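In this note's numbering, the protein residues as written are 18 to 154. Working notes for the structure below.
In structure tokens, the structure reads:
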């Protein structure tokens, strides 16, 4: 049995949130490249071997964003099928939280942007809602 899914016109907002997320990752990557130069950390070295390390804070903030990104994008694209407006808002909350998280981590305080996870939690719920909606049809 097949199921035809109609993509709502507002799904374009979901795509824009994904593009916003890409720009945030690129901003973090550029900040990391700058930190490599400032602290003379050559590739392929991932972390400095000293504590405390401002470079390690920048590296870890970027790495953390990369670790969470596949789940974020998956849940965003899935939940956006049934709830594009709420999923867009949740995605923006998550993305802005990533910026605050990174800026806080750069200063040694990674807890500043954790509120962005509320957006991710909504997207997980939205993805479950989409799954159950498909299963019920």
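The beta-carbon is built from N, C-alpha and C at its ideal position, and this holds for glycine as well. A quick note: this is a predicted structure, and the numbers were derived from the prediction, not measured.
In terms of alpha-carbon separation, which member of 77, 150, 91, 74 lies closest to residue 34?
For the purposes of this step, residue 34 is taken as the residue at position 17 of the chain shown. With distances taken between Cα atoms, residue 34 lies closest to 91.
Please tell me whether residue 97 and residue 151 are closer than 8 Å, where the distance is taken between their beta carbons.
Stepping through the chain shown from its first residue, residue 97 is reached at position 80. Stepping through the chain shown from its first residue, residue 151 is reached at position 134. For residue 97 and residue 151, no; Cβs fall outside 8 Å.
Start-to-end residues for the alpha helix (DSSP H) that takes in residue 104:
Reading the chain shown from its first residue, position 87 is the one you call residue 104. Taken as a continuous stretch (DSSP letters only), the alpha helix (DSSP H) holding residue 104 covers 101-123.
So, with DSSP's three-state summary, where would you put residue 58?
Within the chain shown, the letter at position 41 stands for residue 58. Residue 58: coil per DSSP, three-state reduction.
Please classify residue 130: does DSSP put it in a helix, a strand, or coil?
One-based indexing of the chain shown puts residue 130 at position 113. It is coil, neither helix nor strand.
Rounded to a whole number of angstroms, what is the C-alpha to C-alpha distance between residue 64 and residue 94?
Sequence index remark: in the chain shown, residue 64 carries index 47 (1-based). Sequence index remark: in the chain shown, residue 94 carries index 77 (1-based). In a straight line, the C-alpha of residue 64 is about 33 Å away from that of residue 94.
Buried or exposed for residue 128, please, with buried defined as at least 16 other CB atoms from any protein chain shown within 10 angstroms of its CB.
Residue numbering aside, residue 128 sits at position 111 when the chain shown is read from its first letter. Residue 128 is exposed by the Cβ-count criterion.
Cα-Cα separation between residue 51 and residue 20, rounded to whole angstroms
On the chain shown, residue 51 is found 34 positions in, with the first residue counted as 1. On the chain shown, residue 20 is found 3 positions in, with the first residue counted as 1. So the two alpha carbons sit approximately 49 Å from each other.
Quick check on the burial criterion: 16 or more other C-beta atoms within 10 angstroms. Buried or exposed for residue 105?
Here residue 105 refers to the residue found at position 88 when the chain shown is read from its first residue. By the neighbour-count rule (16 or more Cβ atoms within 10 Å), residue 105 is buried.
Thinking C-alpha only, which one of 82, 61, 55 is nearest residue 70?
As a working note, residue 70 is residue 53 in the chain shown. Ranking 82, 61, 55 by Cα distance to residue 70 puts 55 first.
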